[in-house]
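Data block below; observations after.
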Amino acid sequence: MSNFDCIVVTCSSLKWATAIESELRILQARNIISKSAKVLTIQDPASNIGSGAATLNALLVVTECLSAESGYTVVSPDVLEKSRILILHHGREYALEPCGKAFMSVPGIHAASIDQINGHSTNLENLLNVASQMQENGPPGVWVCSTDMILTCSDDVAIDWSCVKDCLLICSACDPLYATDHGAVKVKSDGIVSSILYCGTLEALNDYTLTDGTVLVVSGMVFFSSELAESLLALHTMSPLDCCTYMGVDSGAEPMQMSLFFDFLVAMAEDVTQDSFVSGQHGRCYDQKFSLEERTMAQRARNLVWKELSSYSLKAYVLEGQPSHHYLSNDTTARQHSDFLVSRAGSDFLLHAVLDVDEKAVGDSALLMNTFVKSDKCFIGSHSVLKNCCLEAREVVIGKNCYVNGLTVNLNTQALNIPENTCIIQYEVFLEYSGVSSPVVVTFGMEDSLHVKFPNVYRGQQQDCLMTAKRFTCSEESLQDALCLLTSTEDQEDLYRLKNSNRLSLMDVLAHQDLKSQFCRSWDTFFRVTNSIVKWTLVKKSDVLITPLMNAASACGREASVMAVLDSVAEGQEAGMDLAIASRAFSCIADFLGAMAGNFGGLRSGPGGNKTWMRAFKLLEEGQVQKGALALKQERLKWMDRPDRMMRAARHYEGALQVLIRKAVLTAEKYIITAAASSQLPFGQWVVAEGPARMDLFGGWTDTPPICYELGGSVINVAVLVDGQKPIGARVRRIHELHILITLVHHNVPEEIKIFSMQDLLDYNQPGARGALLKACLIGSGVVQINYKSTLPEQLLALHGGGIELQSWSNLPQGSGLGTSSILAAAIVSALWTAVGRTFDKLAVIHCVLHVEQLLTTGGGWQDQVGGVIGGLVQGSSQPHLPLHVDVEVLPLSPDVYSQLNNHFLLLYTGKVRLAKNLLQTVIRNWYTRDAKVVLCFKELLHLCRTSVKESFLKGDLEAIGKWLDHYWQLKKVLAAGCEPMFVGRLMELLRPHVHGQLLLGAGGGGFLCALTKEPHQAGFVQKLLNETQGMSKVTVHMVQLDTTGMTLSSINENNTDLPIPSPH
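Take the sequence shown: its position 616, counted from the start at 1, is 616 in full-length UniProt numbering, and no numbers get skipped.
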């Protein structure tokens, strides 16, 4: 995203200024331009006024606007002192790009924002990215940039701003021959510019050639400090330079043409004399081509510039790496332009493009950008480029070496055949006499120069060039007429129509473009492609990121068509058969609603249980996904009137998503296998379940639904005693009274809850309710059946012969990151089953806890209970399919390795509470958007956990294990941004010299930090280090001991009997 306070685009005409303003608003709505930035489009005082005059006028207008905003009644240069301003010069029309040089799409642009879309990202977006990179850590000031070139630079631009006093000229190293058409720059060893020469001969450029044989050229980008910008602004009050601004023109003066680089910047070059500057020696070619005939006026103007600017220093910054300065000129042939685009595209030939065809053949180095093709057969020849095209025909044949831009045709049963070596460009033209816009298809050869003269075969004129020859018709038959020109038709009817029709030259076309229609047609094609990509992505379960497409739809007011596609997927047959497709569709609709609501809708997270949505939820619970999706849409349509209601609708779609995730997780029920024991324990006899904590050492988040069954999951964790104890436990006994008595013990403080009816259990799905986890365990374990027809006392008597007393405790702080709630649920379930006479194994407990957490709506994964139930160093895994099944492997470690890990592991409680649910929501959203970084991160976690990390643990290589802990933490931070508070970062820096590796356990954000120390037995040393460091007084150090027994059961009676839980085989 750009980091400028104000972005200004200067335009040669009001028509361009109006069209570009709309496009800039779209970029701002898409967050490519910061919403806080002031955006202006400014019409130049006259056409062909030059970059210097346009800059001076733009600087005046933006200063005037900022002055008014600041409460001044006159233009005040004070507003420049703290402003960061970017002025972009749009320049002249470019015949090969109907949307102009600034808004031509360019492949291979470095994406500074996820909302930039390869195949539709523009030159202006590229220059915004480059200028923002340059401005990074820079002072206030004014950047000025031409859009006449494609500028490419490395990603690691780093300007030493301490060396920049006044003005910074961005230069690019080029071949001397290329420099003969541009401004060459001579730079001294200290980086100071000594001279600038425009369009110098090869001989003259000898003095400018570097040791590597290259010549530095003006890149088209320059920075002015605030002080220098004030001096530049002062020139607008001086005659004749006042003629460069709208104020001078509005005062009746004739406009004056000035070049920024050769009539302003040269004055600051160190070795340029006043005489040589004022006489125009450094830009005399520029004078001959563009300046006014009044040489005296030009010299007076330069004399004023010299007096105002010559005392400032001009420093050069040379782009390193492999910079590219590609100038866009109407002297460029279509072949050269096409080759340039192909050279930047890389291996992917479809850049925001779709071929909806049954049979296709695409030649080498062909390229499609923002293009939709629908046909039975399609052939695209090698080295052909299609941009902004929407082609529908029975058969589409594009010959080799073609360039087709903006063509929109629907030929139904006919074929479209474009001969090889053909350039075709479609414009929208508005002619006053017709009162409507009509398409004009312009065509010529790929090697043709627009300015080379040739005989005019139609009008009997002696000679014309492609710019001035009246060859092109303005009608719906324009394409047909253009193809007639290409094929030299002998059809007399076609020839007669061509000769007698009202034809336009390319110059006429450029002068009468309907720019609004051209931009609109480009966006029409964009969303035709978008709708196809969105549907294909969701149905095929592709990892394509579609969020930028939805954001673009919201920014452009095209929400309806994209939402219709999302609805069609959610209501489609594929979603009805595959919960993953339906889930992602619901998540995308929620994201889209959030984007449409924007900042006016409130926070994205919130409740999603309004009763009006319950009919849809009920259908989803019943497995009627298609009907449920339709019911969701019908309800949503009632909530689209206000941003806050749209955001609330988004929350309900996330609620619907949770229903589908819950249904998917509940497929694990088939692995909750219990059987009746031979006898029940007597009334009053306690069953005690105690569990260790767990430390997740690699792979966490992959165990989280839906990732664990859509991509697969793999986690290595270890069961641990904390300060020598199993800190988590529960106990259960049957009682004669026909009710349920729950006691929660936290830090030795008991809280008692009595449950007499089913109504008392119904808040089990509200995590904040008293005893919600224990209630969910009662229901999830089947000990209490929520849909039982009789009363709770009758059910307890029938199923268990009496009531139940249940107590639970944890000696760990809330949000510890040690898996407390899941392990506690495992302890409760184990004790409940045992007390009521059920036999089971540890895998049944693991899968039952998954069920419990879905009932509780906390949506946890399976890794916590795997670590707490199994014991030892364990690798849990799940495969990418339903039903969800968790496999467990205890990793065999030697006693030596166990001993080493015991001696080197430490736990540090940070004192910060972890908010796992908020982080979980973010991770699930990012997964469903298929953020590329997130998807790669999950895949890396899976791969490494199954291979290198596992091997390091089996070898007992502490240094390698520490490296993986650090890497795991970096991956966690990618998945859950914000999981490392600043305080934790400082703590990690303090520990870094003394540990092999470290990480926050669980979701992060707070809780316990796990450290693998370089030396054994470091608890005392670390505690002393913390005590001696300011701000670390709340951090406590805890001893860790690996536990190999996992969840244990015992019966409290006269003999205190141990009750083993069978392990999975």
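Ideal placement from N, C-alpha and C gives every residue a C-beta, glycine not left out.
Query	Result
Cβ-based neighbour list, Ser-437, same chain, cut-off 6 Å, excluding 5 preceding and 5 following	Glu-428, Phe-430, Asp-514 and Ser-517
CA-to-CA distance, Ile-7 to Ala-131, given in whole angstroms	11 Å
Ala-582 vs Ala-575 beta-carbon contact at 7 Å	yes
DSSP beta-bridge partners of Thr-209	Val-215
Asp-44 burial status per 10 Å Cβ neighbour count (16 or more: buried)	buried
Three-pair Cβ contact test at 8 Å for the region 54–70 versus the region 25–35	no
Whole alpha helix (DSSP H) elements within the region 117–154, 4-residue minimum	123–135
Three-state secondary structure assigned by DSSP to His-739	coil
Backbone CA spacing between Ser-225 and Val-949 [nearest angstrom]	52 Å
Through-space distance from Gly-771 to Leu-843, alpha-carbon basis	25 Å
Own chain partners of Ala-664 with C-beta closer than 7 Å, once the 5 adjacent residues on each side are dropped	Leu-579, Pro-705, Pro-706, Tyr-709, Leu-882 and Leu-884
With 16 other Cβ atoms within 10 Å as the buried cut-off, status of residue 1140	A query on residue 1140 cannot be resolved here, the shown segment of the chain reaching from 1 to 1065 and no further.
Cβ-based burial, Arg-651 [other Cβ within 10 Å; buried from 16]	buried
For Cys-163, three-class secondary structure by DSSP	helix
Rounded separation between Val-249 and Ile-924 - CA only	59 Å
Uninterrupted alpha helix (DSSP H) stretches inside the region 544–612 (no shorter than 4 residues)	547–556, 559–570, 573–577 and 579–597
Pro-993 - DSSP class collapsed to helix/strand/coil	helix
Distance between beta carbons of Asn-405 and Pro-98, contact taken as under 8 Å	7 Å
Residue from Arg-584, Thr-525, Gly-572 and Val-509 whose Cα sits closest to the Cα of Ile-546	Arg-584
Classification of Val-457 by the beta-carbon crowding that lies within 10 angstroms, buried from 16 upward	Since pLDDT at Val-457 reaches only 45, below the 50 mark, its modelled position is unreliable, and no value is offered.
Integer Cβ distance of Phe-683 from Arg-734, believed to fall under 8 Å	5 Å
Cβ contact check for the region 930–940 and the region 1006–1019: 3 or more pairs under 8 Å	no
Nearest candidate by alpha-carbon position, reference Ala-656, set Glu-669, Gln-624 and Ser-679	Gln-624
CB of Ile-398 within 7 Å of CB of Ile-424, strictly	no
Reference Arg-335; option with closest CA among Glu-227, Ser-757, Glu-447 and Leu-40	Glu-447
Cβ-based neighbour list, Ala-341, same chain, cut-off 7 Å, excluding 5 preceding and 5 following	Here the sequence assigns Leu to residue 341, which means Ala is not the residue at that position. So the list reads Pro-107, Leu-367 and Val-385, once near-sequence residues are dropped.
C-beta atoms of Gly-691 and Met-647 nearer than 7 Å	no
Rounded Cβ spacing between Leu-741 and Cys-777 (contact assumed at less than 8 Å)	Wrong, their Cβ atoms sit about 14 Å apart, outside the cutoff.
Leu-56 vs Thr-147 beta-carbon contact at 7 Å	no
Residue span of the alpha helix (DSSP H) that contains Ser-338, given as start and end	334–345
Nearest-angstrom beta carbon gap, Lys-470 and Ser-505 [assumed within contact, 8 Å]	5 Å
Selection from Leu-855, Pro-793 and Thr-674 that minimises the alpha carbon distance to Glu-621	Leu-855
Whole beta strand (DSSP E) elements within the region 63–117, 3-residue minimum	84–89
Ser-12 burial status per 10 Å Cβ neighbour count (16 or more: buried)	buried
Neighbour-count burial assignment, Arg-295, 16 or more Cβ in a 10 Å radius	exposed
Cβ-Cβ distance between Ala-689 and Val-720 below 7 Å	no
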